[in-house]
Amino acid sequence: MDLTPILPEISLVGLAILVIILDLFIRRKETLLFVSVAGLIVPALLTTTLIGRTGSYLFDTVILDPYATFFKFVFLVAAALVLLASADYVDRFRLYDGEYYALILLSAAGMMLMASTRELISIYIALELATIPLAVLAGLQKDARAGEAALKYLLLAGLSSAFLLYGMAILFGLTGTTDLVGIGRGLPEAAGINRGALAMALVLLVAGLGFKISAVPFQFWAPDVYEGAPTPVTAYLSVASKMAGFALVLRFFTTAFATAAIDWPLIFAVLSVLSMTLGNIVAFVQTNIKRLLAYSSIAAAGYIMIGLASGTDLGASGLIFFLLSYAFTNLGAFIAVIAISEQIGSDDIADYAGLARRAPLLAFALTFCLVSLLGIPPTAGFAAKFYLFAGAVQQGLLWLAVIGVINSAISAYYYIKVVRAMYLLEPKTPAPVKISAPVALALFASAAGVLLVFIFAWPIIGLTEAASRSLFVR
Amino acid sequence: MVAELAWLFILLPLLSFLLCVFVTRPYPRLSGYVTIAAVGATFLLALVAFWSVGNLPPDRTLESSVQWVVIGGSVLKVGLIIDSLTAVMLLVVTLISFLIQIYSQGYMAGDPGYSRYYAFMSLFTASMLGLVLANNLVLVFIFWELVGLCSYLLIGFWYQRPAAAAAAKKAFLVTRLGDLGFLSALLVAFNTTGNLDIRHLIDLAETKQLAGATLTAVGLGLFSGAVGKSAQFPLHVWLPDAMEGPTPVSALIHAATMVAAGVYLVGRTLPLFLAAPDVLLVIAVIGGLTAFMAATMGLVMTDIKRVLAYSTISQLGYMMMGLGVGGLVAGIFHLLNHAFFKALLFLAAGSIIHSVGTQDLREMGGLRRFMPVTFLTMLAGAFSLAGLPPFSGFWSKDEILLEALRFGGVGQALYILGLLTAFLTAFYTFRMVFLAFGGHYRGPAVTGDHGHDHGHGAPHESPPVMTVPLIVLAVPSVLSGFLTFGGFFGPFGEFLISRLSWHPHYEPGLDLTTMVLSAAVSILGILGAYAVYGAGWVSPEVFSSTFRSVHTLLVNRYYMDHLYNWIARRIVLGIAGLLDWVDRYGVDGVVNAIAELAVMAAGSLRLLQRGWVQFYALMVTLGIILLVAVFGFFGDIIAFLRG
Amino acid sequence: MAITLNHYLVLSAALFTIGLYGALAKRNAVTILMCLELMFNAANIAFVALTRAVAPQVLTGQVFALFVITVAAAEVAVGLAIVLAVYRQRRTIDATEIDLLKW
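Chains U, P and Y, in that order, give the protein sequences.
All residue numbers in the first sequence are consecutive under the numbering used here, ending with 481.
All residue numbers in the second sequence are consecutive under the numbering used here, ending with 657.
All residue numbers in the third sequence are consecutive under the numbering used here, ending with 110.
Below you can see the structure in the form of structure tokens.
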């Protein structure tokens with residue numbers, strides 16, 4: 008049995024266990040942080056050895072292709088940045104910082120698997136491996152809001168898992184296999200026999216996976232959990248977890264439903280419109296920055312689903328590229344929020360007044376990320392939106408692209424509100440805001456990512472196109 | 015992929031428009047920066063586009079099309095094209111627009127409508143760029159109307175002033191008259207060919223599939239649209255009144271956007287006219303007539319902006335004449351040069367008005383001492399307008415004259431008319447220069463009438479945000495004429511015809527006789543102006559009393575406005591009332607309503623986020639039920655509807 | 008009466024619905040967790056029954072059910088821990104009273 012395809016995940020789990028064991032002996036949190044971040048080099052190197060390998064392994068449960076490899080790297084980077092950004096925040100977890108690092112790593116292992124499996128059982132396990140640690144992480148902080156966030160996350164995750172499982176059961180019943188490729192082969196025939204069951208399965212799957220990507224109407228957990236959870240966890244939820252969800256959704260539907268006589272892209276088109284619009288509009292009235300970013304991330308899910316709505320490899324490529332740019336952008340924004348709340352002790356946008364004078368670089372970095380979320384050059388967000396919308400237009404989805412553009416324009420209203428507070432309002436106190444070295448490093452890396460993805464958009468699009476093509480090869 | 019970038023030309027200024035409207039409205043300076051950044055970016059894009067076109071193999075163009083709508087089996091594809099003509103226009107429009115937006119920061123400083131101003135300016139730029147890029151007449155028409163709408167909004171920018179509101183209405187209605195022709199041309203063309211793709215129409219015309227009365231009708235219709243937009247006789251009356259807008263708006267309208275649209279349209283569709291010689295002749299004659307008549311009217315105006323306005327009409331006539339005798343290169347070349355020196359002249363005039371607080375030439379004088387930068391830059395523009403060698407206007411004017419001469423027949427008459435016009439142009443231009451800058455300052459230090467409340471002391475030089483664009487514009491005003499000999503991608507004419515979908519006739523070369531003649535009339539005109547207004551050897555009253563009837567005719571602008579007023583008063587009052595209402599409640603009302611609506615929607619939508627986890631679960635369940643209902647039961651219906 | 012696939016499927020659907028009803032209607036957080044468990048098991052029954060019906064030569068469905076049971080156990084363990092933590096902070100596990108985070 009060749010285990011090399013999942014060696015990165017195995018090593019990641021090993022790293023998590025190592026961190027927990029070290030936690031028993033070492034009392035210096037800096038060491039643990041260093042071990043966790045530096046240890047990520049091992050899975051990264053192991054993933055490097057997988058570049059160029061394609062094929063199906065471990066009884067067809069794990070597959071290797073450019074798509075999977077691409078996402079493995081992205082999740083490792085995201086985990087590293089979140090870990091770095093937590094450097095100061097872990098103080099609030101008292102004695103549990105070892106568990107905190109370990110759970111982040113475990114969840115990352117689940118996400119990596121989510122991108123590289125195409126078999127229902129493995130999908131389910133990978134999904135839960137990514138999700139359950141997140142529920143614990145959300146409640147790690149000992150306060151009422153974190154507990155509530157964790158409870159809401161877990162209950163709704165459980166509910167959506169149940170829907171997902173039932174959908175999988177129907178899919179299995181229709182085709183007699185748990186292999187997505189096999190399902191894809193069997194579905195056209197099954198659709199002829201029982202269309203109702205097929206539609207039911209499709210909707211249940213969308214609902215189950217829609218939870219992870221916080222698509223309307225499965226998004227309700229997001230604002231509450233984002234607000235209540237520790238901010239680094241929120242960052243992790245909004246970036247890595249959402250990306251993993253999309254990585255899975257894209258592979259799932261393009262493989263299993265590729266030839267099914269059912270209009271699955273239409274569902275995503277509808278959800279896309281709902282998500283964009285609801286996210287952007289409700290964000291108008293938010294006063295808490297984490298809630299604001301939650302609604303913005305719901306809207307982002309809407310944009311990303313435009314890539315699904317065409318059901319072609321070009322759309323998929325736009326989706327992947329958008330995810331990458333979104334990862335850096337949103338991480339950057341959240342890391343800035345972490346650094347700020349660490350100092351001023353508040354997530355209220357009103358308390359951001361005059362921040363530009365108290366912490367010019369921090370304010371600039373946050374502004375830069377917000378500009379990218381808004382989609383204005385010279386940022387990754389611009390390149391991503393442009394590529395995604397242009398792709399949609401090219402595939403006859405002009406109406407969807409137009410709705411997307413209008414939504415982007417609307418979203419300016421609330422992003423600028425934050426910028427305005429930072430730059431145009433008077434600070435309440437003149438005390439400068441400091442930022443610690445690891446957090447600064449993470450923030451710098453994210454902001455640089457936002458800029459670099461913009462500058463090197465074309466070569467990167469080359470990669471995402473290769474990745475998306477590998478999905479569509481039969 | 016460069017072709018797809020073309021959409022950015024429209025999207026960027028459009029985005030800045032939306033930003034100005036929805037976001038930065040309370041922060042005027044920010045609106046200015048957003049607009050300047052967006053337009054600046056389009057200028058950089060224009061450089062990229064120019065470079066890409068220049069590096070294309072000959073006869074190739076960049077195009078990006080999308081399927082738009084299907085009407086009765088025929089697919090309406092619309093798209094953008096970047097060929098050499100577009101590339102040149104893009105550069106001109108974005109550069110001048112960019113400089114004007116910078117300049118406006120100084121000119122509009124403190125105006126309560128600062129954000130609104132920049133919002134409209136962004137939209138104006140976006141529409142003009144769209145017009146230039148469109149490869150389909152439908153798309154051209156849409157942007158064409160948007161340009162008209164924007165000019166309406168900007169001319170009537172100070173809508174509290176009755177004169178401004180009236181001028182805006184006039185511009186809108188008069189150009190709309192021409193647009194009726196445009197629209198009917200579109201209908202005729204679509205009915206006949208089922209396709210409004212410009213290249214397709216050109217192919218049909220060149221292969222004689224589109225010919226005869228149909229083609230004549232289409233050509234006349236298109237041209238009547240251009241007559242309205244480019245202020246040609248007899249629809250020129252709106253342009254002088256359009257001075258009621260802020261001066262930077264006038265500069266933009268006169269130099270790069272609004273009026274250039276008509277000339278551009280004729281240039282873009284020139285093969286259609288070449289295939290219909292009758293229409294071509296109409297264009298040439300109307301162009302020549304307009305050039306001459308407007309120049310005569312420019313002689314007697316006392317408002318500095320009106321002088322410039324009539325010079326614009328006259329120069330546009332020149333361009334039309336050039337196109338009408340088949341000289342694409344000559345016409346477009348003059349458009350390019352004119353854009354630079356006219357923008358310069360207007361901005362310089364704005365600088366003067368900003369400084370002395372009046373537009374009346376009789377209250378100026380001696381300003382060269384107070385405003386040296388404005389003086390020198392304006393002088394450069396004036397020389398160019400007067401066609402003095404080696405300033406840019408000279409070269410393109412010569413090319414037009416030469417094309418007219420080569421055209422033969424009516425062309426020879428037009429040649430004479432053109433020379434006469436050149437003399438008049440030089441005369442009135444320098445009349446303006448001598449009145450404003452020569453002699454002694456005649457004006458009392460009075461409060462200005464252009465919307466600013468601050469009082470004016472002695473005249474002073476304008477701030478750098480205003481003078482720097484002047485200096486920047488002075489450079490091409492002096493030098494752009496030399497493009498005829500060579501540029502980045504060879505001489506202007508050869509570049510212009512090299513990457514088009516059709517092959518214009520172009521014969522490079524200079525005619526010594528024409529050069530000498532036109533230089534001579536230009537110098538003569540300047541000397542004449544000096545004699546009358548500079549040195550005072552002859553009193554201007556001598557002329558006005560000797561030719562009293564002519565003078566009265568000219569001052570009253572050939573009574574054209576009276577005629578139109580008489581006609582229009584009966585028809586237009588109703589429409590005008592409507593426009594007035596839109597003006598007062600429409601624009602601001604719509605914007606406010608949208609913002610309030612969004613906040614209201616947010617207020618009710620957030621109620622869904624009740625905080626109870628089971629309520630969320632219930633919503634998820636309901637969502638599933640709804641999706642199943644839609645896709646399980648209505649799936650087939652949807653599939654059927656989607657074909 | 009022979010017990011056919013349909014009987015199992017109806018049982019499964021009924022269990023799923025009961026679980027869903029409980030998850031939506033019960034106010035005690037632990038009860039909600041139990042109802043979720045019910046929904047998982049409904050899926051398990053469907054898996055096992057369907058394996059017998061459509062792919063009797065393999066054991067995929069049974070294996071799936073085993074994994075679901077395992078994972079669900081982990082999920083419930085975490086869930087109970089969280090409920091406990093919430094109880095310590097708020098002295099209540101009534102789902103309708105846990106609404107600090109909203110809007």
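We put the beta carbon where it would ideally sit given N, CA and C, even for glycine.
These numbers were taken from a predicted model, which means no experiment stands behind them.
| Query | Result |
| --- | --- |
| Whole-number beta carbon distance between L168 of chain P and V263 of chain P, since they are thought to touch under 8 Å | 4 Å |
| Straight-line Cα distance separating A60 of chain P from A418 of chain P | 32 Å |
| Per-residue contacts from V143 of chain U into chain Y (C-beta, under 7 Å) | V85 |
| Chain Y contact for T185 of chain U (CB, 7 Å cutoff) | yes |
| For V492 of chain P and P404 of chain P, the rounded distance between their alpha carbons | 8 Å |
| Partners in chain P for I105 of chain Y, counting only beta-carbon separations shorter than 9 Å | G625, W626 and V627 |
| Nearest candidate by alpha-carbon position, reference S165 of chain P, set P:G208, P:K243 and P:G235 | P:K243 |
| Given 8 Å, three or more beta-carbon pairs between the segment 11-26 of chain Y and the segment 134-152 of chain U | no |
| CB contact below 7 Å: L22 of chain Y versus chain P | no |
| Where P40 of chain P falls, given that 16 or more other Cβ within 10 Å makes a residue buried | exposed |
| Secondary structure of Y547 of chain P, DSSP reduced to three states | helix |
| Strand pairing of I96 of chain P, partner residues [DSSP] | P:L76 |
| Beta-carbon proximity of A208 of chain P to A240 of chain P, cut-off 7 Å | At residue 208 of chain P the sequence reads Gly, which differs from the Ala that was named. No; because the gap between Cβ atoms is not below 7 Å, this pair is not in contact. |
| S410 of chain P and F347 of chain P closer than 7 Å at C-beta | yes |
| Within 7 Å, strictly: CB atoms of L286 of chain P and A219 of chain P | yes |
| Backbone CA spacing between N295 of chain U and I342 of chain U [nearest angstrom] | 15 Å |
| Interfacial residues, the segment 36-62 of chain Y to chain P, with Cβ spacing under 8 Å | I39 |
| Pairwise C-alpha distance: I24 of chain U and M118 of chain U | 17 Å |
| Inter-stretch contact (C-beta, 8 Å, three-pair minimum) for the segment 366-378 of chain P and the segment 327-338 of chain P | no |
| Status (buried if at least 16 other CB within 10 Å, exposed otherwise) for E258 of chain P | buried |
| Minimum C-alpha distance to L163 of chain P - residue among P:T498, P:P176 and P:M142 | P:M142 |
| Three-state class that DSSP yields for K149 of chain U in the structure shown | coil |
| C-alpha gap between V46 of chain P and G312 of chain P, whole angstroms | The sequence shown places Gly at residue 46 of chain P, not Val. Between G46 of chain P and G312 of chain P, the C-alpha separation is close to 34 Å. |
| Residue range of the beta strand (DSSP E) that includes L71 of chain U | V69 to L71 |
| Neighbour-count burial assignment, E433 of chain U, 16 or more Cβ in a 10 Å radius | exposed |
| Members of the segment 157-188 of chain U near chain P, C-beta cut-off 8 Å | L158, K159, L162, L163, L166, S167 and F170 |
| Neighbouring residues, chain U, relative to A17 of chain Y (Cβ below 9 Å) | The identity of residue 17 of chain Y in the sequence shown is Val, whereas the question assumes Ala. Within 9 Å Cβ-Cβ: nothing; V17 of chain Y doesn't reach chain U, min ~13 Å. |
| Cβ of L91 of chain Y within 7 Å of any chain P Cβ | no |
| Contact list for the segment 433-460 of chain U against chain P, Cβ threshold 9 Å | none |
| Beta-carbon proximity of L641 of chain P to V210 of chain U, cut-off 7 Å | yes |
| Rounded C-alpha distance that separates L76 of chain P from L402 of chain P | 38 Å |
| Chain U residues whose Cβ lies nearer than 7 Å to that of G68 of chain Y | F179 |
| Residues near F247 of chain P in its chain [Cβ-Cβ closer than 7 Å; skip 5 each side] | I300, L303, T304 and M307 |
| Under 9 Å from the C-beta of D231 of chain U: neighbouring residues of chain P | Q623, G625, V627 and Y630 |
| Contact under 7 Å by Cβ, V67 of chain P with N150 of chain P | no |
| Close-in-space but distant-in-sequence residues of the same chain around A109 of chain U (CB under 6 Å, 5 per side omitted) | A23, V26 and I27 |
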